[in-house]
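Notes follow the structure.
In my numbering, the protein residues as written are 28 to 256.
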């Protein structure tokens, strides 16, 4: 991909300014070729292409306060729409999201919401970013190691370098690998087990990430996140 390619994907302007160089890197050329081959082979890919960069559209670079990092998009029909852990409101909350809501209620008292879409969080300044931005239908992890990880590393890198007092919420070992890119003297990193049913009891439940996040933001003069939905 080159700068013209970056323009055609309609990357949000502030992010385009910060990331345009990434689209000329070798890994992005490889990634584009891979995605083209997947489509030409007839595989169904989630989310739809217009939503691959939705996380950036809802949370411009200068408005980011928090990064919640996921692994890759949901791989079931109608679920993924470009925001990590989020699904459209007409789709039942998957188990990981349900556990997030349970922890939110235990932490801040917000009742389990009727909605499943986290766009409100994104507009509050929560970058809902997956490490890998696409996936093949029914095959979790199928688009790993094709170039997305290098791209999202660059996202974390520019946030780390150019912003201060952000909160990085890293759930599970896959997300925690990105922690190596964060200067913990400038930012807060909150790590725990992943909220999936397989691991939530091993440290996610009771971790209180939402109140810890808001306490940190308030201590640095930032408006806390309104986590209610």
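Note that the Cβ used here is the ideal one computed from N, Cα and C, for glycine as well.
Can you tell which of 151, 124, 174 has the C-alpha that lies nearest to the C-alpha of residue 278? Because residue 278 is not part of the residues shown, which for the chain are 28 to 256, the question remains open.
Given this structure, state the Cα-to-Cα distance separating residue 74 from residue 248, to the nearest angstrom. Taking the first residue of the chain shown as position 1, residue 74 is located at position 47. Taking the first residue of the chain shown as position 1, residue 248 is located at position 221. In a straight line, the C-alpha of residue 74 is about 36 Å away from that of residue 248.
Exposed unless 16 or more other CB atoms sit within 10 angstroms - verdict on residue 82: In the chain shown, counting from the first residue as 1, residue 82 sits at position 55. When all chains shown are included, residue 82 counts as buried.
Helix, strand or coil at residue 73 according to DSSP, with G and I counted as helix: Taking the chain shown and counting its residues from 1, the one referred to as residue 73 is at position 46. Reduced to three states, the DSSP call for residue 73 is strand.
Kindly indicate which three-state DSSP category residue 148 falls into: helix, strand or coil? The residue you call residue 148 lines up with position 121 of the chain shown. Helix, per DSSP.
Inter-residue spacing [alpha-carbon to alpha-carbon] between residue 34 and residue 228: By one-based count along the chain shown, residue 34 stands at place 7. By one-based count along the chain shown, residue 228 stands at place 201. Unreliable positioning characterises residue 34 in this predicted model, as indicated by a pLDDT of 34, which lies under 50. A coordinate reading is not provided.
For residue 55, which residues of its own chain have a beta-carbon under 7 Å away from its beta-carbon, when the five flanking residues on both sides are left out? Here residue 55 corresponds to residue number 28 of the chain shown, with the count starting at 1. The answer, listed in chain order, is 28, 49, 174, 178.
Outcome for residue 113 when other beta-carbon atoms lying within 10 angstroms are tallied against a minimum of 16: Along the chain shown, one-based indexing puts residue 113 at 86. For residue 113, the number of other beta carbons within 10 angstroms of its own is at least 16, and it is reported as buried.
Straight-line CA distance for residue 245 to residue 109? Along the chain shown, one-based indexing puts residue 245 at 218. Along the chain shown, one-based indexing puts residue 109 at 82. Spanning the two alpha carbons is a distance of roughly 28 Å.
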